[in-house]
Amino acid sequence: MLVGLVSAKGSPGVTTSALALASQWPRTALLVDADPFGGDVRAGFGGGDWPPAAGLAELIVDLRSTTLEQALYRRVHHLAPYAPPVLAGLGCVGQSASIPWSRLGPLLARIDGADVVADCGRFAAADGVMPLLRTCDALVLVTASSLRAVRSAARIAPLLQEATGAEAGDPRVSLLVVVADEPYSAAEIADGCRLPLLGEMPKDAIAAAVWSDGARPGRSFARCAMQRTARQIAEKLASLGPSGRPI
Ligand SMILES: Nc1ncnc2c1ncn2[C@@H]1O[C@H](COP(=O)(O)OP(=O)(O)OP(=O)(O)O)[C@@H](O)[C@H]1O
Ligand SMILES: [Mg+2]
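In the working numbering, the protein residues as written are 24 to 270.
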């Protein structure tokens with residue numbers, strides 16, 4: 024199963040939420056940093072301490088001569104026991120155009136024994152990552168709760184539904200609100216975007232810094248608000264299962 028997280032604008036917390044969800048996934052899950060504007064995970068969660076050849080660009084080269092499973096075995100890095108295994112992202116702006124997303128998406132969607140949570144970054148119709156979004160079994164639009172954030176989320180919601188062929192209300196394209204009530208409630212935002220509400224990520228700067236900046240987790244990290252919420256949301260998403268869409 025392939026689940027893509029995407030934002031409309033700003034930096035609402037896609038990378039942070041994707042890592043938190045993958046860490047709490049009820050089955051084996053791999054986090055793929057597919058942000059077309061350049062991956063954040065190496066420098067963020069990885070704190071810059073990442074094996075140089077462990078990333079998406081290297082995996083694409085491997086795929087010329089080996090299977091996806093073997094390439095993943097070589098290129099995926101598991102940095103810490105509390106974290107999901109990660110395929111780090113692209114290093115340069117513009118590199119996204121050279122990634123064969125339409126070939127990679129169906130492969131990631133059907134890995135034997137593992138689901139993939141993909142950080143797809145900010146949505147831009149022309150960045151080349153659209154074929155990856157099209158192959159996702161579920162897409163999550165991540166937004167903050169300001170008027171600016173909600174306006175831009177509402178603009179791209181129909182484009183995501185169109186990309187996946189989801190009808191209105193289909194839970195396969197849903198909304199995740201990061202820090203609701205500033206000032207709009209999650210229900211109001213879902214209504215404005217005409218998307219089903221997947222959930223709300225609470226404000227939890229200490230836990231967020233573990234995922235976004237490689238801060239050391241404290242003793243109560245596993246029980247913190249972000250991780251507990253991520254568990255509930257991950258279970259909801261994972262229960263959708265593969266879409267059965269032909270690949
Ligand atoms: N639930 C949260 N509570 C508090 N802070 C958060 C939360 N989620 C994310 N943050 C913080 O917000 C900032 C941006 O997060 P993140 O890098 O995940 O955003 P993004 O949407 O991936 O951004 P970009 O589009 O630049 O890749 C980080 O400093 C992160 O620690
Ligand atoms: Mg990001």
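Cβ atoms here follow ideal geometry from the backbone N, Cα and C, with glycine treated the same way.
Asked	Found
With which residues is SER197 paired in a DSSP beta bridge?	VAL163
So the beta strand (DSSP E) ALA52 belongs to, where does it begin and stop?	52-56
From the DSSP secondary-structure annotation, give me the bridge partner or partners of GLY78.	ALA111
Please say whether ALA77 and GLN118 have beta carbons closer to each other than 8 Å?	no
Give every residue of the same chain whose Cβ lies closer than 6 Å to the Cβ of CYS159, excluding the five residues on either side of it in the sequence, and list them in chain order.	LEU25, GLY27
Taking 8 Å as the cut-off, does the region 28-47 touch the region 88-101 (at least 3 CB pairs, one atom from each stretch)?	no
Hey, is SER88's beta-carbon within less than 8 Å of any beta-carbon in chain D?	Note that chain D does not occur in the displayed structure, where there is just one protein chain.
Is the region 56-69 touching the region 236-255 in the sense that three or more CB pairs, one from each, lie closer than 8 Å?	yes
Under three-state DSSP, which class holds ASP138?	strand
Does DSSP put SER243 in a helix, a strand or coil?	coil
Okay, do the region 220-228 and the region 174-181 touch, 3+ Cβ pairs below 8 Å being the bar?	no
With DSSP collapsed to three states, give me the class of VAL173.	helix
Note down, in chain order, each residue of its chain lying with its Cβ closer than 8 Å to the Cβ of GLY61, except the 5 sequence neighbours on either side.	GLY112, LEU113, GLY114, CYS115, VAL116, GLN118
Closer than 7 Å between the C-beta and any heavy atom of ligand 2: which residues qualify, listed along the chain?	SER34, VAL37, THR38, ASP58, ASP63, ASP142, GLY144
Hey, would you say the C-beta of SER46 is under 7 Å away from at least one heavy atom of ligand 1?	no
Does the distance from the C-beta atom of LEU198 to that of LEU164 stay below 8 Å?	yes
Buried or exposed for THR187, going by 16 or more other Cβ atoms inside 10 Å?	buried
Does DSSP put GLU1 in a helix, in a strand, or in coil?	Since the displayed the chain opens at 24 and closes at 270, residue 1 lies outside it and no answer follows.
What residues match up with HIS100 in a beta bridge as DSSP calls it?	VAL109
For ILE270, which residues of its own chain have a beta-carbon under 6 Å away from its beta-carbon, when the five flanking residues on both sides are left out?	Its pLDDT being 37, under 50, ILE270 is placed unreliably in this model, and the coordinates cannot settle the point.
Three-state secondary structure (DSSP) at GLU223?	strand
Measuring straight from C-alpha to C-alpha, what distance separates ALA120 and VAL99?	22 Å
Where do the N-terminal and C-terminal ends of the alpha helix (DSSP H) with GLY117 fall, by residue?	That residue, GLY117, is in no alpha helix (DSSP H); it is neither H nor E in DSSP.
If distances are taken between C-alpha atoms only, which option among MET153, ALA172, PHE244 comes closest to CYS216?	ALA172
Could you give the residue range of the beta strand (DSSP E) that holds VAL29?	25-30
From the DSSP output, in three-state form, read off PRO269 for me.	Below a pLDDT of 50, predicted positions are generally treated as unreliable, and PRO269, at 43, falls in that range; the measurement from the model is reported next regardless. PRO269 falls in the coil class under three-state DSSP.
Pick from GLN93, GLY264, ILE229, ALA261: whose alpha carbon is nearest that of CYS247?	ILE229
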